[in-house]
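Visitor: Residue numbers (the working numbering): 190 to 469.
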């Protein structure tokens, strides 16, 4: 679950520039430059922590002399009021970096926590919970990282690393067979071709066309079970479309291999994370 800071640093710098602007006028006008402090970051509620390395990077960019100490690691499940990190150094620098660091931890921990809930709900089935491209602009790499931290898996990262033939592609190409044939004649043989279908007729067409993965989109549980029965183990199956915690177990019970959940990255509630400062 490594993070590539070459792509994350510009996001952190953008966030800091947006927040600090020409300067943190409240802190500059009220806090002595010589005042030292220790900031403790707490998880106010139970959940899975994600984003601590990014928070550390935020404080490093604000003031490289700050000492950031993690008390847990990404992927740990914590109870309410658990201290998860400490920052020691100039109080002004801690206060200036506080909001941006917390923003990253809150949102990423929210995604990791929700992912862990989906994973737990389907634990007795041989199915993977995966994410989608429904991410916040600029946040895709770290949101998908948070999904992995929560025990989920990543779908394609962008339009460039996987073929997913959706309904509008099928319309534009003239049909499933035509779309798959064109994809096969264009992309490398090492790249899998996935086709989205909504009916059993679509399943038959995708199988006949030679799809590697069939995405069962917005199907009822009954229809999905029938589709999985028809496909068997010929290709991988993915369930998608408005899947919630309330019915994800029923979807898993149909026998699909993958369940994609857009909510992991577009609707996860941020975790309640705070920072308390103590002057020393």
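We put the CB at the ideal spot given by N, CA and C, even for glycine.
Across the segment 233-247 and the segment 287-304, are there enough close Cβ pairs to call them in contact, namely three or more that are closer than 8 Å?
Guide: In short, these stretches touch, since the Cβ pair count reaches three.
Visitor: Using beta-carbon positions only, say whether residue 420 and residue 437 come within less than 8 Å of one another.
Guide: Not in contact: residue 420 and residue 437 (Cβ atoms no closer than 8 Å).
Visitor: In terms of residues, what are the limits of the beta strand (DSSP E) holding residue 404?
Guide: Its beta strand (DSSP E) spans residues 402-406.
Visitor: Residue range of the beta strand (DSSP E) that residue 235 falls in?
Guide: Careful: residue 235 lies outside any beta strand (DSSP E) and carries neither H nor E.
Visitor: First and last residue of the beta strand (DSSP E) that includes residue 257?
Guide: Start and end: 256-259.
Visitor: Could you round the C-beta distance between residue 274 and residue 255 to whole angstroms and report it? I think they count as a contact, below 8 Å.
Guide: Wrong, their Cβ atoms sit about 11 Å apart, outside the cutoff.
Visitor: Taking the alpha-carbon positions, what's the residue 242 to residue 414 distance?
Guide: Distance between the alpha carbons of residue 242 and residue 414 is about 42 Å.
Visitor: Looking at the strands, I want to know which residues DSSP matches up with residue 226.
Guide: Answer by DSSP bridge pairing, in chain order: 278, 468.
Visitor: Should residue 344 be labelled buried (16 or more other beta-carbon atoms within 10 Å of its own) or exposed?
Guide: Residue 344 is buried by the Cβ-count criterion.
Visitor: Let me check one thing: in DSSP terms, what residues is residue 271 bridge-paired to?
Guide: In DSSP, residue 271 forms a bridge with 232.
Visitor: Classify residue 220: buried if its beta carbon has 16 or more other beta carbons within 10 angstroms, exposed otherwise.
Guide: Looking at its Cβ environment, which holds 16 or more other Cβ atoms inside 10 Å, residue 220 is buried.
Visitor: With DSSP collapsed to three states, give me the class of residue 317.
Guide: The answer is strand: DSSP assigns residue 317 an E or B state.
Visitor: Residue 230 to residue 270, Cα distance in whole Å?
Guide: When rounded, the distance between both Cα atoms is 9 Å.
Visitor: Just checking my contact of residue 380 with residue 351 at CB under 8 Å: how many whole Å lie between their CB atoms?
Guide: Their Cβ separation, rounded to whole angstroms, is 7 Å, which keeps residue 380 and residue 351 in contact under 8 Å.
Visitor: Is the segment 302-320 close to the segment 431-445, with three or more CB pairs under 8 Å?
Guide: Yes, the segment 302-320 is in contact with the segment 431-445.
Visitor: When burial is assigned at 16 or more other CB atoms within 10 Å of the CB, is residue 467 buried or exposed?
Guide: The residue in question, residue 467, is exposed, as its Cβ has fewer than 16 Cβ neighbours within 10 Å.
Visitor: Just curious, the alpha helix (DSSP H) that residue 218 is in, first and last residue?
Guide: Start and end: 214-219.
Visitor: Let me make sure I understand the geometry here. Which of 349, 403, 268 has the alpha-carbon closest to that of residue 429?
Guide: It is 403 whose Cα lies nearest to the Cα of residue 429.
Visitor: Which runs of the beta strand (DSSP E) at least 3 residues long sit entirely within the segment 347-387? Give them in chain order.
Guide: Fully enclosed beta strand (DSSP E) runs of 3 or longer: 352-354, 382-386.
Visitor: Identify, in the order they occur along the chain, each residue of the same chain with its Cβ nearer than 8 Å to the Cβ of residue 407, setting aside the five sequence neighbours on each side.
Guide: Answer for residue 407: 387, 429, 430, 431, listed in chain order.
Visitor: Please specify which runs of the beta strand (DSSP E), each continuous and at least 3 residues long, are wholly inside the segment 285-343, giving them in chain order.
Guide: Whole beta strand (DSSP E) segments, 3+ residues: 317-319.
Visitor: Determine whether the beta carbon atoms of residue 384 and residue 360 lie at a separation below 8 Å.
Guide: Not in contact: residue 384 and residue 360 (Cβ atoms no closer than 8 Å).
Visitor: With a cut-off of 8 Å on the beta carbons, I'd call residue 295 and residue 454 a contact; round off their distance for me.
Guide: In fact, because the Cβ distance is near 14 Å, the residues do not count as touching under 8 Å.
Visitor: Alpha carbon to alpha carbon, what distance is there between residue 330 and residue 223?
Guide: Looking at the two C-alpha atoms, the distance is approximately 38 Å.
Visitor: What does the Cβ neighbour count give for residue 391, buried or exposed, with the cut at 16 atoms within 10 Å?
Guide: Answer is buried; the Cβ neighbour count reaches 16.
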